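**Student:** In this note's numbering, the protein residues as written are 401 to 702.
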Ligand SMILES: CC(=O)N[C@H]1[C@@H](OP(=O)(O)OP(=O)(O)OC[C@H]2O[C@@H](n3ccc(=O)[nH]c3=O)[C@H](O)[C@@H]2O)O[C@H](CO)[C@H](O)[C@@H]1O
Ligand SMILES: [Mn+2]
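1. So which residues touch the region around ligand 2, with touch meaning a C-beta under 7 Å from any heavy atom?
2. Quick test of your reading: residue 631 and residue 653, contact by CB under 8 Å. State the CB separation rounded to the nearest angstrom.
3. State buried or exposed for residue 573, treating a residue as buried only when at least 16 other CB atoms are found within 10 Å of its CB.
4. Answer with buried or exposed for residue 655, where buried requires no fewer than 16 other C-beta atoms within 10 angstroms of its C-beta.
5. In angstroms with no decimal places, state the Cα-to-Cα distance between residue 582 and residue 669.
6. With hydrogens ignored, establish whether the beta-carbon of residue 536 is closer than 7 Å to any heavy atom of ligand 1.
7. Verify whether the separation of the beta carbon atoms of residue 554 and residue 466 is less than 8 Å.
8. Does the distance from the C-beta atom of residue 431 to that of residue 443 stay below 8 Å?
9. What runs of the alpha helix (DSSP H), each 4 residues or longer, lie entirely inside the stretch 528 to 574?
10. To which residues does DSSP link residue 576 through a beta bridge?
11. Using 10 angstroms around the beta-carbon of residue 618, count the other beta-carbons present and answer buried if the total reaches 16, otherwise exposed.
12. Could you pull out every residue in the same chain whose Cβ sits closer than 6 Å to the Cβ of residue 540, ignoring the five residues on either side in sequence?
13. Do residue 481 and residue 503 count as a contact pair if the criterion is CB distance below 8 Å?
14. Please look up how many angstroms separate the CB atoms of residue 543 and residue 624, rounded, as I've assumed it's under 8 Å.
15. Ligand 1 and residue 551: does any heavy atom of the ligand fall closer than 7 Å to the residue's C-beta?
16. Report the three-state DSSP secondary structure of residue 674 (helix, strand or coil).
17. Quick check on the burial criterion: 16 or more other C-beta atoms within 10 angstroms. Buried or exposed for residue 500?
18. Reducing DSSP to helix, strand and coil, say where residue 651 ends up.
19. Return the CA-CA distance between residue 568 and residue 489, expressed in angstroms with no decimal places.
20. In the DSSP assignment, the beta strand (DSSP E) including residue 600 goes from what residue to what residue?
21. Should residue 498 go down as buried or exposed, given a rule of 16 or more other Cβ atoms within 10 Å for buried?
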């Protein structure tokens, strides 16, 4: 082991002491914790947060975090950022990239040392569907222009959300998607994939693994770049043919992931929805959840 690694190891290895894992004692017998292609599914109880923190801390990573707040959605930024400072990648270098048409409405939120925020002005499209789906193109471009030089990982999040518990480096991996909180008990036939074969988002009824929600995705910069670029191209091709997939970019995102399997999946703890009400037994804690919004009031054309 090279000297500097030995040095780093010495400084944190006492923290790697933790309760032994027993091969014949599953940590979560109630849920699936690994996919058929051997990607882990992250649930409370399956990882030791101290061990995870101490593996990733010495790597000195920067985590780009994109969030869009266009039109009336700027009102969600304060809670999003304040709760992120309490629970999101605490102790890590986070660079928030806020995309908005109203830079003056971005609230001044105190960020922990090592964390920063940049604002990029984006146009406001006049349909909410267009605002949502154009994120793929804008993220792709931002990765090409600057994020590839400025960060090691990128996570792309919806803004109409709040953090409630740890959302830490256990999410880091090559290509990461979160299981949709409304679909995880359903047969794949019922997933809300795009079913018209003419669309680039088409998924046949006998394919697909899990239905993912596009309010959270991330991974290594290069892998997220490929994802956003492909979704953008597919969105544009559909548009040329006068098609808009059932759930816009989320449909293309899901189609992509059928063929490019995510290397790590986040359980619905990592992407919940306040509309779901009381949490079921398998959800030990809610980490990040969509707030209840008045769609008719905040959306352009609802
Ligand atoms: C449960 C549900 O219905 N989910 C769908 C809905 O998610 P959501 O209801 O979560 O969509 P949303 O209204 O949160 O829009 C997605 C994100 O786009 C940004 N934004 C959107 C509109 C706007 O005027 N300003 C703005 O900034 C903002 O970051 C927001 O968080 O729509 C998405 C858009 O395709 C996906 O299809 C989701 O599956
Ligand atoms: Mn949302």
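Glycine included, every Cβ here is placed at the ideal spot set by N, Cα and C.
Small disclaimer: the values here were computed from a predicted structure and weren't measured.
**Tutor:** Concretely, from the data shown:
1. 558, 560, 561, 615, 690
2. 6 Å
3. buried
4. buried
5. 12 Å
6. no
7. yes
8. yes
9. 528 to 533, 535 to 542
10. 618, 664
11. buried
12. 628, 629, 632
13. no
14. 7 Å
15. no
16. helix
17. buried
18. helix
19. 5 Å
20. Unbroken run through residue 600: none, as it is neither H nor E.
21. buried
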